[in-house]
Amino acid sequence: VAAPTTTIDDVERRTFRFFWDTTNPRNGLVPDRWPTPSFSSIAAVGFGLAAYGIGAQRGYVTREAARDRVLLTLRTFLNLPQGPAATGMGGYHGFFYHFLDMESGLRFKDVELSTIDTTWLLAGALFCQSYFDQNDPTESAIRDAAEQLYERAEWDWEQPRPPAISMGWYPEKGFHTYDWHGYNEAMMVYILALGSPTHAADPSGWTEWTKTYRWGEFYGQQHVLFPPLFGHQYTQMFIDFRGIQDAYMRDRGIDYFENSRRATISQRAYAIDNPGRWNDYGPNVWGLTACDGPADVTIDGRTYHTYTARGASQDAILDDGTIAPTAAISSIAFTPEISIAAMEEMQRRYGPALYRQYGFADSFNATYRGTSNYGTVDPNLGW
7 VAAPTTTIDD VERRTFRFFW DTTNPRNGLV PDRWPTPSFS SIAAVGFGLA AYGIGAQRGY
67 VTREAARDRV LLTLRTFLNL PQGPAATGMG GYHGFFYHFL DMESGLRFKD VELSTIDTTW
127 LLAGALFCQS YFDQNDPTES AIRDAAEQLY ERAEWDWEQP RPPAISMGWY PEKGFHTYDW
187 HGYNEAMMVY ILALGSPTHA ADPSGWTEWT KTYRWGEFYG QQHVLFPPLF GHQYTQMFID
247 FRGIQDAYMR DRGIDYFENS RRATISQRAY AIDNPGRWND YGPNVWGLTA CDGPADVTID
307 GRTYHTYTAR GASQDAILDD GTIAPTAAIS SIAFTPEISI AAMEEMQRRY GPALYRQYGF
367 ADSFNATYRG TSNYGTVDPN LGW
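Structure representation (structure tokens):
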């Protein structure tokens, strides 16, 4: 597919600027949302770490500036206090709390010690360990810091019901009542856990993970089911699965890359069919994933939601007319021919109301006509 490089480059640059501009320059913490005043999401920090290397490679900032930001961030997490106390801590057993105070880096309210969000933090750190490979004191310190963070995570501790890995832990009540079972974004949890050089999880965890996959067909596409597209995208931001198969995928004759391609194609087909008759759905306006939304209300028989994991597959549909541009665009590696067309169409059709300083808004709903105060920038279009 011949890519419209100017459009893609602009989306990339604006997305990078979000991380570069909104991050706390004193500690490297990235806000969960913007411009609404926010706590930091450690998953966002991980994505920001990956963005800094990409920004340096693209020339958005100098390599020197990028590596200084990365090292600052990694040292912040190395130095955060860890322990079982409910307050005054940033993490425990090498994991970190899902949300942290933007200034202190300590646990925000009563959020969980999160395995999945620590995973994205570590994925970003390990990306930087690979990217910043020069014989330079700062880059050497980045590699050492990333390795220390990875080695500290005690994955075997996060298996209270082995061989599955728990979703997290609370100082007030112990381990989360649920474990990670497939298929979803937690594929990377098991990859990092099984590969740990210091605290590896039970190796049978991968079989435990895959045995709960749900295989089905949706709009002509057979694949492992997970309704929101982010579950098909996040792990493959960091790992190219083309040609890599586990036992489950060998039995189906495909790999995880192809699985994500099929899931994306099925979502577009669903939008074209548009069984809910939502406004604007079509060949180039599509994409359901976890995102913000207008309000938790029912209007004219239609139920809308604020933040929720929207999606569509054979086993579940959660759709209130809210499109997340990131759903279609983030599948660009799997389906460039339809993802690029969607990106261009949404940019052209909705203009600056949707495509803003830091790229596309999180989501928009062309059907909803009520009022909304849920983190909105434009209550009638996007969030």
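Under the numbering used here, the first residue of the sequence shown is numbered 7, with each subsequent residue one higher. In this text, a Cβ means the ideal position worked out from N, Cα and C, and glycines have one as well.
Does residue i pass the burial test, meaning 16 or more other C-beta atoms within 10 Å, or should it be called exposed?
i: Ile305; result: exposed
i: Gly54; result: buried
i: Pro234; result: buried
i: Tyr184; result: exposed
i: Arg167; result: exposed
i: Asn371; result: buried
i: Gly201; result: exposed
i: Ile421; result: Examination of residue 421 is not possible in this model, given that the chain is present from 7 through 389 alone.
i: Pro300; result: buried
i: Thr42; result: exposed
i: Gln353; result: buried
i: Ile250; result: exposed
i: Gly100; result: buried
i: Leu231; result: buried
i: Asn141; result: exposed
i: Arg64; result: exposed
i: Glu214; result: buried
i: Pro331; result: buried
i: Asp302; result: exposed
i: Ala159; result: buried
i: Thr29; result: buried
i: Ser210; result: exposed
i: Arg375; result: exposed
i: Gly345; result: Checking the sequence, you will find Ser at residue 345 rather than Gly. Per the 10 Å Cβ criterion, buried.
i: Gly357; result: exposed
i: Asp116; result: exposed
i: Asp410; result: Shown here, the chain extends from 7 to 389; a query on residue 410 therefore has no answer.
i: Gly307; result: exposed
i: Ala92; result: exposed
Just to check my reading of the structure: residue i and residue j have Cβ atoms closer than 8 Å, yes? What is that Cβ distance to the nearest angstrom?
i: Phe263; j: Phe340; result: 7 Å
i: Thr3; j: Phe366; result: Any answer about residue 3 is impossible in this case: the structure gives the chain only from 7 up to 389.
i: Leu119; j: Trp175; result: 4 Å
i: Ala199; j: Trp163; result: That pair is no contact at about 11 Å.
i: Pro143; j: Pro90; result: The Cβ separation is near 36 Å, so there is no contact.
i: Phe22; j: Tyr66; result: 5 Å
i: Asp261; j: Thr216; result: Contact flag wrong, Cβ pair sits at about 13 Å.
i: Thr312; j: Asp298; result: 7 Å
Quick one: what's got a C-beta closer than 6 Å to residue i's C-beta in the same chain, skipping five residues either side?
i: Asp123; result: Ile48, Ala49, His104
i: Ala348; result: Asn290, Ala334
i: Arg20; result: Tyr364, Gly365
i: Thr373; result: Trp284, Asn285, Gly327
i: Leu127; result: Ile48, Val51, Gly52
i: Ala62; result: Arg69, Ala72
i: Tyr225; result: Ser272, Ala275, Tyr276
i: Ser336; result: Gln239
i: Ile338; result: Ser345
i: His229; result: Asn265, Arg268, Ala269
i: Gly282; result: Asp325
i: Phe24; result: Tyr364
Near residue i, what residues of its chain come up, given a Cβ to Cβ distance below 7 Å and the 5 sequence neighbours on each side ignored?
i: Leu132; result: Ala152, Tyr156
i: Met193; result: Thr241
i: Gln88; result: Met95, Gly96, Gly97, Tyr98
i: Phe106; result: The identity of residue 106 in the sequence shown is Leu, whereas the question assumes Phe. Excluding positions up to five away in sequence, the list reads Leu35, Phe45, Ser46, Ile48, Gly96, Leu112, Arg113, Phe114.
i: Thr218; result: His187, Gly188
i: Gln154; result: Leu84
i: Ala170; result: Asp185, Trp186, His187, Gly211, Glu214
i: Pro203; result: Glu157
Strictly under 8 Å for the Cβ-Cβ distance: is residue i near chain D by that measure?
i: Ala192; result: Absent from the structure: chain D. Only one protein chain is present.
Given residue i, which residues of its chain have a CB within under 8 Å of its CB, disregarding the five upstream and five downstream residues?
i: Gly59; result: Ala72, Val76, Phe133, Cys134, Tyr137, Phe138
i: Gln227; result: Arg268, Ala269, Ile271, Ser272, Ala275
i: Ser44; result: Pro37, Asp38, Met108
i: Asp27; result: Tyr364
i: Gly130; result: Val51, Gly52, Phe53, Gly54, Leu55, Ala56
i: Thr82; result: Asn33, Gly34, Leu35, Gly111
key: Runs of beta strand (DSSP E) lying entirely within the segment 148 to 177, each at least 3 residues, in chain order   = Assignment of beta strand (DSSP E) within the segment 148 to 177, counting only whole runs of 3 or more residues, yields 174 to 176 in chain order.
ask   = Taking one C-beta from the segment 248 to 258 and one from the segment 312 to 326 each time, how about it: are there three or more such pairs within less than 8 Å?
value = No, the segment 248 to 258 does not touch the segment 312 to 326.
task = Scan the segment 47 to 98 and note each continuous alpha helix (DSSP H) run of 4 residues or more that stays entirely inside, going in chain order.
result = Fully enclosed alpha helix (DSSP H) runs of 4 or longer: 48 to 64, 69 to 85.
task = Entirely within the segment 191 to 241 and at least 4 residues each: give me those alpha helix (DSSP H) ranges in chain order.
result = Fully enclosed alpha helix (DSSP H) runs of 4 or longer: 193 to 201, 211 to 216, 236 to 239.
task = Count the C-beta pairs between the segment 143 to 152 and the segment 190 to 210 that are closer than 8 Å, then say yes if the count reaches three, no if not.
result = With the cut-off at 8 Å, the segment 143 to 152 and the segment 190 to 210 do not touch.
request  = Count the CB pairs spanning the segment 71 to 78 and the segment 28 to 44 that are closer than 8 Å, and state whether there are at least three.
outcome  = Note that the segment 71 to 78 touches the segment 28 to 44; at least 3 beta-carbon pairs, one per stretch, sit closer than 8 Å.
ask   = Which parts of the segment 301 to 339 are runs of the beta strand (DSSP E), unbroken and 3 residues or longer, counting only runs that do not cross its ends?
value = Counting whole runs of 3 or more residues, the segment 301 to 339 contains no beta strand (DSSP E) stretch at all.
request  = Counting only runs of 4+ residues fully inside the segment 259 to 284, write out the alpha helix (DSSP H) ranges in chain order.
outcome  = Assignment of alpha helix (DSSP H) within the segment 259 to 284, counting only whole runs of 4 or more residues, yields 262 to 279 in chain order.
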